[in-house]
Amino acid sequence: MMRRGMQRGFTLVESLVSLAIAALAISGFYQALSTGVFMERRSGVQAAQMLVATQVMDRIGVDIALRACLQDRGVIRDLEWALSVTETGTSDMALGPVQANELLFVYVEVTSPTPGGSPLVLRSIRYRETPL
22 MMRRGMQRGF TLVESLVSLA IAALAISGFY QALSTGVFME RRSGVQAAQM
72 LVATQVMDRI GVDIALRACL QDRGVIRDLE WALSVTETGT SDMALGPVQA
122 NELLFVYVEV TSPTPGGSPL VLRSIRYRET PL
(Lines of atoms letter the chains of each structure in order from A and count residues from 1; the text may use other names and numbers.)
(Lines give C-alpha, C1' and ligand atoms only; values in the text may rest on other atoms or scores of the structure.)
Protein backbone atom coordinates (compact mmCIF):
# COMPACT_ATOMS: atom_id res chain seq x y z
CA MET A 1 0.00 0.00 0.00
CA MET A 2 1.38 3.46 -0.96
CA ARG A 3 1.06 6.41 1.25
CA ARG A 4 -0.58 9.50 -0.08
CA GLY A 5 2.50 11.74 0.44
CA MET A 6 4.60 9.60 -1.89
CA GLN A 7 2.68 10.48 -5.07
CA ARG A 8 4.60 12.32 -7.75
CA GLY A 9 3.58 15.68 -9.27
CA PHE A 10 3.03 19.27 -8.28
CA THR A 11 0.45 20.62 -5.94
CA LEU A 12 -2.00 23.31 -6.98
CA VAL A 13 -0.17 25.95 -4.90
CA GLU A 14 3.16 25.15 -6.53
CA SER A 15 1.60 25.41 -9.98
CA LEU A 16 -0.01 28.78 -9.17
CA VAL A 17 3.26 30.17 -7.79
CA SER A 18 5.15 29.11 -10.92
CA LEU A 19 2.47 30.66 -13.16
CA ALA A 20 2.67 33.94 -11.20
CA ILE A 21 6.46 34.04 -11.60
CA ALA A 22 6.15 33.35 -15.33
CA ALA A 23 3.52 36.10 -15.67
CA LEU A 24 5.84 38.59 -13.94
CA ALA A 25 8.71 37.66 -16.23
CA ILE A 26 6.56 37.99 -19.36
CA SER A 27 5.12 41.35 -18.27
CA GLY A 28 8.63 42.68 -17.59
CA PHE A 29 9.75 41.57 -21.03
CA TYR A 30 6.69 43.18 -22.64
CA GLN A 31 7.28 46.46 -20.82
CA ALA A 32 10.92 46.56 -21.93
CA LEU A 33 9.91 45.81 -25.50
CA SER A 34 7.20 48.48 -25.60
CA THR A 35 9.58 51.06 -24.09
CA GLY A 36 12.13 50.22 -26.77
CA VAL A 37 9.57 50.67 -29.54
CA PHE A 38 8.48 54.02 -28.06
CA MET A 39 12.08 55.24 -27.82
CA GLU A 40 12.76 54.16 -31.41
CA ARG A 41 9.76 56.11 -32.69
CA ARG A 42 10.70 59.18 -30.68
CA SER A 43 14.30 59.12 -31.90
CA GLY A 44 13.05 58.80 -35.48
CA VAL A 45 10.87 61.90 -35.05
CA GLN A 46 13.74 63.82 -33.46
CA ALA A 47 16.08 62.85 -36.31
CA ALA A 48 13.53 64.08 -38.85
CA GLN A 49 13.12 67.33 -36.90
CA MET A 50 16.89 67.87 -36.82
CA LEU A 51 17.13 67.21 -40.56
CA VAL A 52 14.44 69.82 -41.29
CA ALA A 53 16.06 72.35 -38.92
CA THR A 54 19.47 71.96 -40.57
CA GLN A 55 17.89 72.25 -44.03
CA VAL A 56 16.27 75.55 -43.05
CA MET A 57 19.51 76.74 -41.44
CA ASP A 58 21.41 75.91 -44.64
CA ARG A 59 18.96 77.95 -46.71
CA ILE A 60 19.68 81.14 -44.75
CA GLY A 61 21.78 83.44 -46.88
CA VAL A 62 20.98 81.42 -50.00
CA ASP A 63 17.19 81.20 -50.43
CA ILE A 64 16.30 83.18 -47.32
CA ALA A 65 17.88 86.61 -46.86
CA LEU A 66 19.68 87.11 -43.56
CA ARG A 67 18.30 90.24 -41.93
CA ALA A 68 17.23 91.27 -38.45
CA CYS A 69 13.59 90.85 -37.38
CA LEU A 70 13.01 88.16 -40.00
CA GLN A 71 10.11 85.79 -39.32
CA ASP A 72 9.35 82.92 -41.69
CA ARG A 73 7.36 79.69 -41.59
CA GLY A 74 7.00 76.64 -43.75
CA VAL A 75 6.48 72.90 -44.00
CA ILE A 76 9.05 70.32 -45.05
CA ARG A 77 8.25 66.60 -44.97
CA ASP A 78 5.05 67.21 -43.01
CA LEU A 79 7.00 69.01 -40.27
CA GLU A 80 6.20 72.66 -39.56
CA TRP A 81 9.15 74.96 -39.00
CA ALA A 82 9.41 78.55 -37.80
CA LEU A 83 12.44 80.77 -38.37
CA SER A 84 13.24 83.92 -36.46
CA VAL A 85 16.27 86.18 -36.69
CA THR A 86 16.87 88.67 -33.88
CA GLU A 87 19.57 91.07 -32.77
CA THR A 88 19.65 89.80 -29.19
CA GLY A 89 20.64 86.37 -27.97
CA THR A 90 19.43 84.42 -25.00
CA SER A 91 20.87 84.81 -21.51
CA ASP A 92 22.59 81.39 -21.59
CA MET A 93 24.85 82.35 -24.50
CA ALA A 94 28.27 83.20 -23.12
CA LEU A 95 29.55 85.69 -25.66
CA GLY A 96 32.86 87.44 -25.38
CA PRO A 97 33.40 91.02 -26.42
CA VAL A 98 31.06 91.73 -29.31
CA GLN A 99 30.62 95.00 -31.15
CA ALA A 100 27.13 96.45 -31.35
CA ASN A 101 25.08 95.24 -34.33
CA GLU A 102 27.77 92.73 -35.28
CA LEU A 103 25.86 89.47 -34.75
CA LEU A 104 22.45 88.11 -35.62
CA PHE A 105 20.85 85.26 -33.68
CA VAL A 106 18.99 82.68 -35.72
CA TYR A 107 16.39 80.33 -34.21
CA VAL A 108 14.70 77.48 -36.09
CA GLU A 109 11.91 75.66 -34.27
CA VAL A 110 10.49 72.45 -35.73
CA THR A 111 7.27 71.20 -34.16
CA SER A 112 6.62 67.54 -33.58
CA PRO A 113 3.81 65.94 -35.59
CA THR A 114 2.85 63.70 -32.68
CA PRO A 115 0.61 65.09 -29.94
CA GLY A 116 2.55 65.81 -26.79
CA GLY A 117 5.87 65.75 -28.63
CA SER A 118 8.40 68.42 -27.85
CA PRO A 119 9.57 70.92 -30.46
CA LEU A 120 13.20 70.96 -31.51
CA VAL A 121 14.96 74.34 -31.45
CA LEU A 122 18.22 74.89 -33.32
CA ARG A 123 20.13 78.10 -32.59
CA SER A 124 22.88 79.74 -34.57
CA ILE A 125 24.91 82.93 -34.41
CA ARG A 126 25.71 84.63 -37.70
CA TYR A 127 27.66 87.72 -38.64
CA ARG A 128 25.45 90.50 -39.90
CA GLU A 129 27.70 90.93 -42.92
CA THR A 130 30.17 88.41 -44.22
CA PRO A 131 33.66 89.51 -43.12
CA LEU A 132 35.22 88.34 -46.41
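So the sequence shown is numbered by the working numbering: it starts at 22 and just counts up by one. For each residue, glycine too, the CB sits at the ideal point set by N, CA and C. Treat the numbers as computed from the prediction; the structure is a model and nothing was measured.
CA-CA distance, Ala-74 to Val-58, rounds to 24 Å. The Cβ-Cβ distance between Met-78 and Leu-143 falls below 9 Å. Judged by pairs of C-beta atoms under 8 Å, the region 93-113 does not touch the region 38-55, as fewer than three such pairs exist. For Asp-79, the enclosing alpha helix (DSSP H) stretches over residues 33-80. Taking every protein chain shown into account, the CB of Val-129 has 16 or more other CB atoms within 10 angstroms, so this residue is buried. Distance from the Cα of Gln-67 is smallest, within the candidate group Thr-135, Ser-145, Ile-146, Ala-89, for Thr-135. Beyond the five residues adjoining it in sequence on each side, Thr-107 comes within less than 8 Å, by CB distance, of Ala-89, Cys-90, Leu-125, Phe-126, Tyr-128 in the same chain, given in chain order. Residue environment analysis places Ile-47 among the exposed positions, since fewer than 16 neighbouring C-beta atoms fall within 10 angstroms of its C-beta.
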